[in-house]
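Its first residue numbered 89, the sequence shown is counted upward by one per residue in my numbering. Worksheet for the structure shown next.
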Amino acid sequence: MPLIALFNKVEDIFVRIQQTLSPWFIPSLARLLFVAILLIYYWNSALTKIGNGIAPSLGAYAQIFPKAMEKVGYDPGQLSIFHTLVVLAGTYAEFILPALILIGLLTRLAALGMIGFVLVQSFVDITGHGLDGRAIGTWFDRLPDSVIFDQRALWVFLLLLIALKGAGPISVDRFLLKSSD
């Protein structure tokens, strides 16, 4: 019986901590971790895709459509308008979605957009860039170092927390919600 009483006491303590911290601490920490770990990663990636003005660079097409670019001899002019629109959308998404999460504006939608982005990025890395089995990895294999199944699964989990919990109290979303009351 004392073990059950101890278990209940510990559970009560953590329930109180959760009730106190959950509304503000979890979403704030999730956004902070996203900014600390992934914001500059995505902005640097987006910068590699910018050409002259708003036109995407050759590298943008090669990163997003590697096999199609190889087929046309790395001449993006031979690709369709669809390819150009996808490259533009992907490039601007790498700038805009992380910025929205940073300032906490449309945070839930931005996090969902980033989840989609990570999934597409992973698909392109596997099918277009030919990542090998070690980089793709597997779960439950004792090795936590694969790019896709380990690293990006954690990214998606972090973004899912943001999508579910929102931006937290220090955000444009919170300011807009309070001003609409």
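Every residue, glycine too, gets a C-beta built ideally from N, C-alpha and C.
Compute the distance between the beta-carbons of residue i and residue j, then report whether it is under 8 Å.
i      : j      : result
Val123 : Leu193 : no
Ala255 : Arg119 : yes
Ile203 : Leu248 : yes
Ile152 : Val212 : yes
Leu190 : Leu127 : yes
Ala243 : Phe183 : The identity of residue 243 in the sequence shown is Trp, whereas the question assumes Ala. Not closer than 8 Å, so no.
Thr195 : Leu185 : no
Asp238 : Gly225 : yes
Thr179 : Pro154 : no
Pro257 : Trp112 : yes
Ala181 : Gly201 : yes
Ala150 : His171 : no
Gln166 : Val160 : yes
Ile114 : Lys266 : no
Can you name the residues that DSSP bridges to residue i?
i      : result
Ile138 : Pro144
On a CA-only basis, which of the options is nearest residue i? Give me that one, please.
i      : options                        : result
Phe245 : Val206, Ser234, Ala150         : Val206
Ala148 : Ile142, Thr136, Gly141         : Thr136
Arg85  : Val174, Ser116, Ala187, Val235 : No information on residue 85 is available, as it lies outside the stretch 89 to 269 that the chain covers here.
Gly141 : Leu176, Leu94, Gly201, Leu200  : Leu176
Gln209 : Asp220, Leu188, Leu231, Ile236 : Ile236
Ile125 : Lys266, Leu265, Lys253, Arg240 : Arg240
Which residues bound the alpha helix (DSSP H) around residue i?
i      : result
Asp261 : 260-267
Ala124 : Careful: Ala124 lies outside any alpha helix (DSSP H) and carries neither H nor E.
Pro154 : 154-159
Ala251 : 241-253
Phe95  : 90-109
Mind checking if residue i is an interface residue toward chain C, Cβ cutoff 8 Å exclusive?
i      : result
Pro186 : The question asks about chain C, but that chain is absent: this structure has only one protein chain.
Exercise for review: Counting only runs of 4+ residues fully inside the stretch 172-222, write out the alpha helix (DSSP H) ranges in chain order.
Suggested key: Counting only runs of 4 or more, we get 195-215.
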